[in-house]
Amino acid sequence: MDFRLSSEEESLRKTIEGFVREHLIPLEAEFDNAPDIFEGSRWKSRAKLSRDPEIMRYVGIMEELEKKAEAQGLWYLDVPKEYGGLQVSNVAMLAATEELEKNSIPFEFGNHVSNILYSCKGDQIDRFLWPCIRGEKTSAFGLTEPASGADPSMLQTTAVPDGDDFIINGSKMFPTFADVADFVQLFARLPGTKGREGVTCFLIDTGTPGYRVTRSIETLAGTEPCELLFEDCRVPKTQVLGEIGKGWALNQAWLGARRFQVGIRAHGMSQRVLRVVAELLGRDAVEAAKFVERIGYFSGELEALRTLTYLGAWKADQKMDVRSEAANVKLFATELLHKIVDFALDVAGPAMLRKNHVLARAFRHARARRIVEGPSEIQRHIIQRALFREGAALLELQ
Ligand SMILES: Cc1cc2nc3c(=O)[nH]c(=O)nc-3n(C[C@H](O)[C@H](O)[C@H](O)COP(=O)(O)OP(=O)(O)OC[C@H]3O[C@@H](n4cnc5c(N)ncnc54)[C@H](O)[C@@H]3O)c2cc1C
Numbered sequence: 065m066d067f068r069l070s071s072e073e074e075s076l077r078k079t080i081e082g083f084v085r086e087h088l089i090p091l092e093a094e095f096d097n098a099p100d101i102f103e104g105s106r107w108k109s110r111a112k113l114s115r116d117p118e119i120m121r122y123v124g125i126m127e128e129l130e131k132k133a134e135a136q137g138l139w140y141l142d143v144p145k146e147y148g149g150l151q152v153s154n155v156a157m158l159a160a161t162e163e164l165e166k167n168s169i170p171f172e173f174g175n176h177v178s179n180i181l182y183s184c185k186g187d188q189i190d191r192f193l194w195p196c197i198r199g200e201k202t203s204a205f206g207l208t209e210p211a212s213g214a215d216p217s218m219l220q221t222t223a224v225p226d227g228d229d230f231i232i233n234g235s236k237m238f239p240t241f242a243d244v245a246d247f248v249q250l251f252a253r254l255p256g257t258k259g260r261e262g263v264t265c266f267l268i269d270t271g272t273p274g275y276r277v278t279r280s281i282e283t284l285a286g287t288e289p290c291e292l293l294f295e296d297c298r299v300p301k302t303q304v305l306g307e308i309g310k311g312w313a314l315n316q317a318w319l320g321a322r323r324f325q326v327g328i329r330a331h332g333m334s335q336r337v338l339r340v341v342a343e344l345l346g347r348d349a350v351e352a353a354k355f356v357e358r359i360g361y362f363s364g365e366l367e368a369l370r371t372l373t374y375l376g377a378w379k380a381d382q383k384m385d386v387r388s389e390a391a392n393v394k395l396f397a398t399e400l401l402h403k404i405v406d407f408a409l410d411v412a413g414p415a416m417l418r419k420n421h422v423l424a425r426a427f428r429h430a431r432a433r434r435i436v437e438g439p440s441e442i443q444r445h446i447i448q449r450a451l452f453r454e455g456a457a458l459l460e461l462q
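So the number in this note's numbering is just where the residue sits in the sequence shown, counting from 1, plus 64.
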């Protein structure tokens, strides 16, 4: 087996390494005091609408960075070639993110495009997909409901056909930044269906009659999920994403592809946290002696996470079924990050609980990551299911 990056992947990684060193790391100290909105990768949705001069100043810095990245060809990394992107492999995206994670500024090489939007057809492409690629529009993802979260197949929002339209009724919990998004990717079910059957994804513009954002919820993770209400909301059939009744596969595709990024991000954040710990302990040899063993243990686990994440991404590039690997990475990455941040807070003591301190920020993100996109318990369910599938197959062979 060859574990090295291909020459193309290695050259992209090196260019990004240089970009991070030259343009991002020098700005880190400035971003330590940035408003909360710049926590996490989804700052753009809300920050771009703000008239607060301080937020606008940081948006200006980010826009300058984006121009520099674009000039170096570091833009639209994962956008398909047919849309003018580089369409790099999953492995290359990991290598890019791994370099990016060596700094703490929430910079991305491209605008946020929900991967299922590449299923857009006909005029949906100009109306929804292209504006997201160009950064002119943002979207929210509406799957979770008050009574269906960890198990989204229990979703109750209905989409009833009516001539050339569907009439949508129901409510959604937590779509991140839906209040500032231009449209929502909404999952609803056809009448008389249950479980995974009949789930359909709609693209619904903000402001469509019958669609209301009822509140936005400030969370400790810096993002602002919302609550949405649909009351006899009429949506044309032309706004179905993919096929009618086949939305479950889209939901799975959205989750699957993101999991390996979760792994490498948790790996990067953990390493930054351990570096803070090492710096603190470097000042006191007696204190350091108490903790070196645990730091060694965590370093080993981080290397295991990194290997697992790259293996999953490589399998995804070979078009293999990666449902188990994706669940493994999500579970292992978010649980390990949480353990490491918790340990770092023990070492650092109460002074580091200051809200803006890098460790306090990491703690807030780490806790939320164990819940969003499927909590740990659900990942364990997915992993054990694979074992039982294999068990049954082995029994059949006997
Ligand atoms: C900051 C944030 C952003 C979010 N953004 C979005 C978004 O953009 N779009 C979206 O659709 N959703 C979003 N969510 C929702 C998120 O995906 C759900 O919170 C998550 O899937 C869990 O669903 P729930 O909160 O309804 O928990 P529940 O389903 O009520 O579960 C609660 C807890 O019970 C346990 N549990 C549940 N089922 C089982 C089981 N079978 N076995 C054992 N234990 C179990 C788990 O610990 C789980 O955390 C966001 C949530 C947060 C906190």
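Backbone N, C-alpha and C define an ideal beta-carbon position, used for all residues, glycine too.
(message) Report the CB separation of M126 from Q325 in whole angstroms; it is logged as a contact under 8 Å.
(response) Not confirmed; about 20 Å, so no contact.
(message) Taking 7 Å as the cut-off, is the C-beta of T222 nearer than that to any heavy atom in ligand 1?
(response) no
(request) Taking all protein chains shown into account, decide if Q462 is buried (16 or more other Cβ within 10 angstroms of its Cβ) or exposed. (result) Unreliable positioning characterises Q462 in this predicted model, as indicated by a pLDDT of 47, which lies under 50. The coordinate reading is nonetheless provided below. Counting Cβ neighbours within 10 Å, Q462 comes out exposed, since fewer than 16 surround it.
(message) Among the candidates R444, G174, L338 and A245, whose CA atom is the shortest distance from the CA of S203?
(response) A245 is the residue among R444, G174, L338 and A245 whose C-alpha sits nearest the C-alpha of S203.
(request) Kindly identify the DSSP beta-bridge partner or partners of Y122. (result) Beta-bridge pairing links Y122 to no other residue.
(message) Assuming F205 is part of the alpha helix (DSSP H), what are its boundary residues?
(response) Here F205 belongs to no alpha helix (DSSP H); instead the beta strand (DSSP E) covers S203 to G206.
(message) To the nearest angstrom, how far is the alpha carbon of V155 from that of E365?
(response) 20 Å
(message) Closest to K258 by C-alpha separation, out of R329, G149 and T222, would be which residue?
(response) T222
(message) Let me check understanding here. Comparing Cα to Cα, which of A342, C265 and D269 lies closest to G306?
(response) C265
(request) Reducing DSSP to helix, strand and coil, say where Q462 ends up. (result) Because Q462 sits at a pLDDT of 47, beneath the cut-off of 50, its placement in the model cannot be relied upon, and the following sentence gives the value as read from the coordinates. In this structure, Q462 counts as coil in the three-state DSSP scheme.
(message) I need the straight-line Cα distance from R444 to L400, nearest angstrom please.
(response) 15 Å
(message) What residue range does the beta strand (DSSP E) around K236 cover?
(response) In this chain, the beta strand (DSSP E) harbouring K236 covers D229 to T240.
(message) Does the distance between the C-beta of V437 and the nearest non-hydrogen atom of ligand 1 fall short of 7 Å?
(response) Residue identity differs from the one stated: residue 437 is Glu in this sequence, not Val. At least one heavy atom of ligand 1 is nearer than 7 Å to the Cβ of E437, so yes.
(message) Let me confirm a value: G286 is counted as buried when at least 16 other C-beta atoms fall within 10 Å, else exposed. Which label applies?
(response) G286 comes out buried.
(request) Pick out whichever of F251, H331 and V340 has its Cα sitting closest to the Cα of L267. (result) When C-alpha distances from L267 are compared across F251, H331 and V340, the shortest belongs to F251.
(request) Note the first and the last residue of the continuous beta strand (DSSP E) segment covering F266. (result) V263 to D269
(message) Which same chain residues end up closer than 8 Å to D96 when comparing Cβ atoms and leaving out the 5 residues on each side of it in sequence?
(response) S168, N420 and V422
(request) Could you name the residues of the same chain whose beta carbon sits closer than 6 Å to that of P439, not counting the 5 residues immediately before and after it, in chain order? (result) A214
(message) Is any non-hydrogen atom of ligand 1 found closer than 7 Å to the C-beta of A352, if you look at the structure I gave you?
(response) no
(message) I'd like to know whether the C-beta atoms of V263 and G206 end up nearer to each other than 8 Å.
(response) no
(message) Quick check on DSSP: helix, strand or coil for Q443?
(response) helix
(request) May I ask you to report which of helix, strand or coil DSSP gives P144? (result) coil
(request) Provide the residue(s) that pair with D226 in DSSP beta bridges, ordered along the chain. (result) D229
(message) Relative to the C-alpha of W139, which candidate in F67, A330 and L76 has its C-alpha closest?
(response) L76
(message) Looking at the secondary structure, which residues open and close the alpha helix (DSSP H) in which E351 lies?
(response) A349 to D381
(message) So for T278, helix, strand or coil by DSSP?
(response) Residue state, collapsed to three classes: strand.
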